[in-house]
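Numbers 1 to 334, taken from full-length UniProt numbering, label the letters of the sequence shown in order.
Every residue gets a Cβ at the ideal spot worked out from N, C-alpha and C, and that includes glycine.
Quantities reported herein were computed from a predicted structural model and do not represent experimental measurements.
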Amino acid sequence: MNPQKVRNGPNFMQQVNKKKHVDCALSSNSDSSDDEVEEIVAIKKDVQKQRFSVSAEAYGQFNKKENFKAKFIPKSKDQSERIKQRMQAGFMFSALNEKEIEIVVGAMEEKIFHKSEYVIKQGEEGNVLFVVDTGELDCFKNYGKGDVFLKTYYPGESFGELALLFQSPRAASIIVKSDKAILWQLDRETFNLIVKEASIKKRQQFETFLENWDLLKEIKDPYDKLKMSDALFEKQFKKGDVILQQGQKSTEIFILEQGRVSVNKNNQKLFELIKLGDYFGDQSIVAGTVESFSYVAEEDMKLMYIPKKSYSSTLKEIEATLMKNIQTKYGKYL
C-alpha cells in the first residue's frame with residue numbers, strides 16, 4: 001500500500017470470527033498487550049478444532065463506570081510508582097486517563113512466583129491478567145504434539161488479557177524462568193470496566209495499520225500480521241528530540257505514525273521521513289550494525305515501535321526485504 005492510504009478492508013477481529021482453523025496463543029507488550037500484553041498470538045493452520053470467537057462480553061455494552069467500585073489494595077509509594085512505570089510499557093494502558101490509572105494501580109495485587117512455577121496453564125479459565133515487575137517468564141503452547149516455546153516475558157510486559165477480552169480459556173502456559181518473579185495481578189472486573197475498551201480500540205488501531213502496511217505485503221496470512229499488534233508500542237517525542245543518535249545501536253525499530261523525522265549525518269540534514277509507515281532503527285536490529293544516521297523529531301509527534309526482543313517473532317520472516325530496503329533507503333548516503 002501507499003503508506004499514506006488506508007484501505008477499507010475488514011478489521012482483523014472480524015476476520016478472526018470467520019477463520020475456521022485458528023489457534024491463538026498468548027502475547028503482550030514491552031516492549032509488550034496483553035513489553036511486548038507482549039501476549040503473542042501464534043496461529044497454526046494445521047490446528048483444525050479450535051475456533052477463535054470474540055465474546056459478547058468483549059464487544060457488548062460496558063457497564064457504567066460510575067456504578068463501579070474497584071477493589072483497593074494498599075501499597076507503598078515506591079510500589080505504586082513501579083506499577084505506573086511498568087504500565088507505561090503496555091499499549092493496553094496507554095489510553096487511560098490519570099484517574100483511571102490510579103484506579104488500576106490501586107486494584108493491582110502483588111504476586112510472587114518462583115523458578116519453574118506455573119503462573120497460568122493452557123486450557124484453564126482466566127480471571128486475571130499479569131504485569132511483570134521483576135524476573136523472566138517463558139511462554140509455551142501445546143499444539144497436540146508437546147509444548148512449543150513462544151517467547152520470554154520481561155519486566156514491563158504483561159500477559160493474560162486475551163482470556164479476559166474474549167472470555168476464553170488460557171491459550172498458553174507461562175512458567176517462571178528466573179529464580180523469582182514479582183508480578184502485579186489485575187482482576188477481571190477492573191479490567192473489564194476500566195481497561196478493556198481502551199485496549200480494544202488500541203488493538204484495532206494497530207491491526208488496521210498492520211493490515212495495510214506496505215512493508216508486510218509479502219506476508220499473505222492476515223494472522224501472521226495480527227500477532228504483531230501485540231508487539232507494537234507507542235512513544236511520544238517533542239520537537240527537537242534526538243530519537244536515535246548516529247553511532248549508537250537501536251533497541252527498537254521505530255515506525256512513523258504522525259509527524260516528521262529528519263535524517264541527519266554528521267550534523268547535516270539529508271532528508272525527512274514524512275509518510276505513515278516510514279521506519280528506522282533497522283540498521284541496528286536487522287543488519288546488526290550501529291546506526292549511520294541521527295533521527296530527530298521535527299515537531300511534537302508520536303511513533304510506534306517494535307522492540308528488538310520481539311523482532312524474531314514479528315519481522316524476521318521478511319528479513320531479506322528489510323536488508324534490501326536498507327540499501328535502497330540509505331545506500332547513496334553510506
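Worksheet item: Less than 8 Å separating the beta-carbons of Arg188 and Gln122?
Response: On the sequence shown, residue 188 is found 188 positions in, with the first residue counted as 1. On the sequence shown, residue 122 is found 122 positions in, with the first residue counted as 1. No, Cβ-Cβ distance for Arg188 and Gln122 is not below 8 Å.
Worksheet item: Going by alpha carbons, who is nearest to Lys249 out of Leu270, Asp282 and Ile120?
Response: Taking the first residue of the sequence shown as position 1, residue 249 is located at position 249. It is Asp282.
Practice prompt. Per DSSP, which residues does Thr289 bridge with? Please list them.
Written response: The sequence position of residue 289 within the sequence shown is 289, counting from 1. Answer is none; Thr289 lacks a bridge partner.
Worksheet item: Relative to the C-alpha of Leu164, which residue among Lys180, Asp78, Leu270 and Leu186 is closest?
Response: In the sequence shown, the residue the question calls residue 164 occupies position 164. For the residues Lys180, Asp78, Leu270 and Leu186, the minimum Cα distance to Leu164 belongs to Leu186.
Worksheet entry | Segment limits, beta strand (DSSP E) that includes Met304 | Position 304 of the sequence shown holds residue 304. Met304 -> beta strand (DSSP E) spans Met301 to Pro307.
Discussion item. Run through the DSSP bridge pairs and tell me what Tyr118 is partnered with.
Written reply: Here the question's residue 118 lines up with position 118 in the sequence shown. Tyr118 pairs with Ile175.
Fill in: Between the CA atoms of Glu109 and Ser305 - distance to the nearest angstrom
The residue labelled residue 305 in the question sits at position 305 within the sequence shown. The residue labelled residue 109 in the question sits at position 109 within the sequence shown. At residue 305 the sequence reads Tyr, which differs from the Ser that was named. Take the alpha-carbon of Tyr305 and the one of Glu109: they are about 29 Å apart.
Item to complete: Tell me whether Asn192 sits in a helix, a strand or coil according to DSSP, three-state version.
Response: Counted from its first residue, the sequence shown places residue 192 at position 192. Note: Asn192 maps to helix in three-state DSSP.
Worksheet item: Just the Cα atoms here: how many angstroms apart are Glu100 and Glu299?
Response: Here residue 100 corresponds to residue number 100 of the sequence shown, with the count starting at 1. Here residue 299 corresponds to residue number 299 of the sequence shown, with the count starting at 1. Distance between the alpha carbons of Glu100 and Glu299: 29 Å.
Worksheet item: What is the DSSP secondary structure of Thr152, reduced to helix, strand or coil?
Response: One-based indexing of the sequence shown puts residue 152 at position 152. Reduced to three states, the DSSP call for Thr152 is strand.
Worksheet item: Ordered along the chain, which non-local residues of its own chain (more than five positions away) have a Cβ less than 8 Å from that of Asp147?
Response: Start at 1 with the first residue of the sequence shown, and residue 147 comes out as number 147. For Asp147, where only same-chain residues beyond five positions count, the Cβ hits under 8 Å are Phe140, Lys141 and Ser173.
Worksheet entry | Sub-8 Å separation of Ile83 and Val105 beta-carbons | Locating residue 83 in the sequence shown gives position 83, counting from the first residue. Locating residue 105 in the sequence shown gives position 105, counting from the first residue. Their beta carbons are under 8 Å apart, which means Ile83 touches Val105 by this criterion.
Discussion item. On the DSSP bridge list, what partners appear for Phe233?
Written reply: Here the question's residue 233 lines up with position 233 in the sequence shown. Paired residues: Tyr305.
Worksheet entry | Exposed unless 16 or more other CB atoms sit within 10 angstroms - verdict on Pro74 | Locating residue 74 in the sequence shown gives position 74, where the first residue counts as 1. Exposed is the call here.
Fill in: Other residues of its chain near Lys115: CB distance less than 6 Å, five sequence neighbours each side excluded
Numbered from its first residue, the sequence shown carries residue 115 at position 115. The beta carbon of Lys115 lies closer than 6 Å to those of Val176 and Asp179 in the same chain, with the five residues before and after it left out.
Worksheet entry | Cβ pair Glu257, Leu244 closer than 8 Å | Taking the first residue of the sequence shown as position 1, residue 257 is located at position 257. Taking the first residue of the sequence shown as position 1, residue 244 is located at position 244. No.
Worksheet item: Looking only at C-alpha atoms, which of Ile274, Tyr279 and Ser294 sits nearest to Asn266?
Response: What you label residue 266 is simply residue 266 of the sequence shown in a count that begins at 1. Residue Ser294 holds the alpha-carbon nearest to the alpha-carbon of Asn266 among Ile274, Tyr279 and Ser294.
Item to complete: Could you pull out every residue in the same chain whose Cβ sits closer than 8 Å to the Cβ of Ile219, ignoring the five residues on either side in sequence?
Response: The count along the sequence shown starts at 1 and reaches residue 219 at position 219. Hits under 8 Å: Lys225, Glu317 and Ile318.
Practice prompt. Report the three-state DSSP secondary structure of Tyr333 (helix, strand or coil).
Written response: Mapped onto the sequence shown, residue 333 falls at position 333. Three-state DSSP puts Tyr333 in a helix.
Discussion item. Measuring straight from C-alpha to C-alpha, what distance separates Ala95 and Ile200?
Written reply: Start at 1 with the first residue of the sequence shown, and residue 95 comes out as number 95. Start at 1 with the first residue of the sequence shown, and residue 200 comes out as number 200. Cα to Cα, Ala95 sits roughly 10 Å from Ile200.
Worksheet item: Of the choices Lys269, Thr190, Phe280 and Glu102, whose alpha-carbon is the least far from that of Gln85?
Response: As a position in the sequence shown, residue 85 is number 85, starting the count at 1. The residue with the shortest Cα to Cα distance from Gln85 is Glu102.
Discussion item. Is it buried or exposed, Met301, if we count other Cβ atoms within 10 angstroms and call 16 or more buried?
Written reply: Indexing the sequence shown from 1 puts residue 301 at position 301. Buried: at least 16 other Cβ atoms inside 10 Å.
Worksheet item: In three-state terms, what does DSSP make of Ser312?
Response: On the sequence shown, residue 312 is found 312 positions in, with the first residue counted as 1. Helix, per DSSP.
Worksheet item: Under three-state DSSP, which class holds Ala181?
Response: By 1-based counting over the sequence shown, the position of residue 181 is 181. Here Ala181 sits in strand by DSSP.
Fill in: Per-residue burial, Leu334 [other beta carbons within 10 Å of its own, 16 or more giving buried]
To locate residue 334, count along the sequence shown from 1; it is residue 334. By the C-beta density criterion, Leu334 is exposed, having fewer than 16 other C-beta atoms within 10 angstroms.
Worksheet item: From Leu210 to Met228, what distance separates their C-alpha atoms?
Response: Indexing the sequence shown from 1 puts residue 210 at position 210. Indexing the sequence shown from 1 puts residue 228 at position 228. Cα atoms of Leu210 and Met228: separation of roughly 8 Å, rounded to the nearest angstrom.
Worksheet item: Could you check where the alpha helix (DSSP H) with Ile243 kicks off and where it finishes?
Response: To locate residue 243, count along the sequence shown from 1; it is residue 243. Per DSSP, Ile243 belongs to no alpha helix (DSSP H); it is in the beta strand (DSSP E), Val242 to Leu244.
Practice prompt. Could you round the C-beta distance between Glu136 and Met92 to whole angstroms and report it? I think they count as a contact, below 8 Å.
Written response: Looking up residue 136 in the sequence shown gives position 136. Looking up residue 92 in the sequence shown gives position 92. Contact annotation, Glu136 with Met92: C-beta distance approximately 20 Å; criterion of less than 8 Å not satisfied.
Discussion item. For Phe271 and Ile112, I'd like the C-alpha separation in whole angstroms.
Written reply: For this step, residue 271 is matched to residue 271 along the sequence shown. For this step, residue 112 is matched to residue 112 along the sequence shown. The alpha-carbon atoms of Phe271 and Ile112 are separated by roughly 50 Å.
Worksheet item: Expressed to the nearest angstrom, what Euclidean distance is found between the alpha-carbon atoms of Phe149 and Lys269?
Response: In the sequence shown, residue 149 corresponds to position 149, counting from 1. In the sequence shown, residue 269 corresponds to position 269, counting from 1. Spanning the two alpha carbons is a distance of roughly 44 Å.
Worksheet item: So, Lys72 versus Ala107, is the Cβ gap smaller than 8 Å?
Response: As a working note, residue 72 is residue 72 in the sequence shown. As a working note, residue 107 is residue 107 in the sequence shown. Lys is not the amino acid found at residue 72; the sequence shown has Phe there. Yes.
Discussion item. Between Trp184, Tyr118 and Lys151, which has its C-alpha nearest Glu81's C-alpha?
Written reply: Residue numbering aside, residue 81 sits at position 81 when the sequence shown is read from its first letter. For Glu81, the nearest C-alpha among the options comes from Trp184.
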